[in-house]
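So the sequence shown is residues -19 to 119, counted in this note's numbering.
The C-beta atom is built at its ideal place from N, Cα and C for all residues, glycine as well.
Here's the structure we're looking at; comments come further down.
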Amino acid sequence: LDFDGVFHPLMSNGLKFIDLPNFENFIRKHSDRFDFKLVISSTWRREYTLSQISKFFSPDIALKLVGMTPVLNTTGDGVRFEEAQQWRAFNDMTSPWFALDDDHYAWNRVEQLVWCHDKFQEREIGVLEDKLDALFQEL
């Protein structure tokens, strides 16, 4: 889960987390079908602890935060995907997953990415709902 470019524009001029309510409402709406576990991949994980980051979220959503991906000492295409894979392996996570991010180059597994362009609004919600519906059909 990324922040900049997902919950607020990358160049937000001080307006932070303006689309966080949309995300939280989405999670609440679908929590009856899915046991969401939220993992932070945002660069904010370099400056804040998970405890500090949890305070940005409503208490019920903060309870779904389970970790932060490691920061790899590398750059380039697919780096966040590699960080996510390392986190999943270390935590023995085998369940399906999705990434919300505005940087599609950071992920080299496009089918798991919900590409957000400075927002989490109707288009992004629709894409994620379609992915969850397809996943629900498989279960």
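Give me whichever residues DSSP pairs with residue i in a beta bridge.
i	result
G47	V19
H(-12)	D(-16)
Can you tell me where the alpha helix (DSSP H) holding residue i begins and where it ends?
i	result
V107	E102 to E118
R25	Unbroken run through R25: none, as it is neither H nor E.
F36	Element bounds for F36: n/a, residue is neither H nor E.
R13	Where R13 is concerned, there is no enclosing alpha helix (DSSP H), given that its DSSP letter is neither H nor E.
DSSP on residue i, reduced to helix/strand/coil?
i	result
L81	Checking the displayed sequence, the identity of residue 81 turns out to be Asp instead of Leu. Here D81 sits in strand by DSSP.
L(-19)	coil
V90	helix
H97	coil
I(-2)	coil
N5	helix
Taking all protein chains shown into account, do 16 or more other C-beta atoms lie within 10 angstroms of the C-beta of residue i, making it buried, or fewer, making it exposed?
i	result
L(-5)	exposed
F61	buried
E63	buried
T55	exposed
L45	buried
T49	buried
L93	buried
S38	exposed
V51	exposed
E104	buried
Return the CA-CA distance between residue i and residue j, expressed in angstroms with no decimal places.
i	j	result
Q117	R13	11 Å
D(-18)	T23	8 Å
R68	V107	23 Å
D40	S34	10 Å
V90	D81	11 Å
Q32	L43	13 Å
F3	L18	12 Å
D98	D72	32 Å
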